[in-house]
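One structure is given here, and the rest of the page talks about it.
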Amino acid sequence: MEALKARIRAEGRNLGRGILKVDSFINHQVDPLLMQEAGHALAARFTHLGANKVLTAEISGIAPALMTACALGIPVVFARKAKPITMPETVFRETAPSHTKGRIVELFVSPEFLGPGDCVLLIDDFLASGQTIQALARLAQASGATIVGIGTVIEKTFEGGRDALASLGVPIESLAIIRSMDDGYIDME
117 MEALKARIRA EGRNLGRGIL KVDSFINHQV DPLLMQEAGH ALAARFTHLG
167 ANKVLTAEIS GIAPALMTAC ALGIPVVFAR KAKPITMPET VFRETAPSHT
217 KGRIVELFVS PEFLGPGDCV LLIDDFLASG QTIQALARLA QASGATIVGI
267 GTVIEKTFEG GRDALASLGV PIESLAIIRS MDDGYIDME
């Protein structure tokens with residue numbers, strides 16, 4: 117997706133240690149038109165798989181997941197990072213390390229919104245090590261749902277996430293692929 121790559125080149129910042137700052141258009145301030153375009157691009161890649169729900173992690177995954185779900189005409193479920201009192205007592209719970217937060221985060225999904233019979237498309241802002249997406253996959257599997265695909269806005273191939281997710285046996289699509297972030301540079305395909 118050329119508009120996304122142009123924004124990464126213009127506004128993305130390599131902060132070192134594999135951290136790409138895209139806060140001006142994805143992670144803190146969201147460009148809704150760019151996310152709408154990203155959602156349409158991801159939906160086009162997965163429309164044939166018959167997903168009936170999109171699953172993502174709070175909070176940075178919500179914008180691309182919502183736009184993808186809108187384009188597909190299906191609901192989006194996001195894994196909460198704190199269990200609100202409105203959730204039932206028994207929920208699906210997983211943990212994943214957060215590279216940018218520097219700690220383990222919890223992810224919660226209510227069985228009211230994800231369960232057997234659901235065909236789930238996992239969408240997130242980044243695919244790096246794959247650990248957050250693996251946690252989302254475990255949540256979907258615990259619910260009895262079937263995972264049909266994985267889509268991300270930005271993939272950092274040098275962190276090995278795609279390989280870590282290969283055992284899920286589903287298509288993985290990314291809109292912008294970063295090969296390297298060595299020496300302060302951002303090398304994209």
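Quick note on our numbering: the sequence shown kicks off at 117 and runs consecutively. Built from N, CA and C at the ideal position, the CB exists for glycine as well.
Assigned with DSSP and collapsed to three states, residue 234 falls in coil, not helix or strand. Here the alpha carbon of residue 234 sits roughly 8 angstroms from the alpha carbon of residue 260.
Residue 220 holds the alpha-carbon nearest to the alpha-carbon of residue 198 among 220, 247, 275.
Counting only runs of at least 4 residues, the segment 126-186 fully encloses the following alpha helix (DSSP H) elements, listed from N- to C-terminal order: 148-162. Residue 223 is bridged by DSSP to 210. DSSP, reduced to helix, strand and coil, places residue 262 within a strand of the structure shown. Residue 280: member of the alpha helix (DSSP H) spanning 277-281, first to last residue. Ranking 189, 215, 171, 131 by CA distance to the CA of residue 253 puts 171 first. By the beta-carbon neighbour count (other beta carbons within 10 angstroms, threshold 16), residue 298 is exposed. Listed as beta-bridge partners of residue 267 by DSSP are 239, 289. For residue 288, the CB contacts under 7 angstroms within the same chain, skipping 5 residues up- and downstream, are 266, 278, 281 in chain order. Judged by beta-carbon spacing, residue 251 lies beyond the 8 angstroms limit of residue 270, meaning their Cβ atoms are not closer than that value.
With respect to residue 180, residue 203 sits apart: the two C-beta atoms are not nearer than 8 angstroms. Beta-bridge partners of residue 272 (DSSP): 294.
Of the residues 206, 243, 248, the one whose Cα lies closest to the Cα of residue 229 is 206.
DSSP places residue 198 outside both helix and strand once states are collapsed to three, so it counts as coil.
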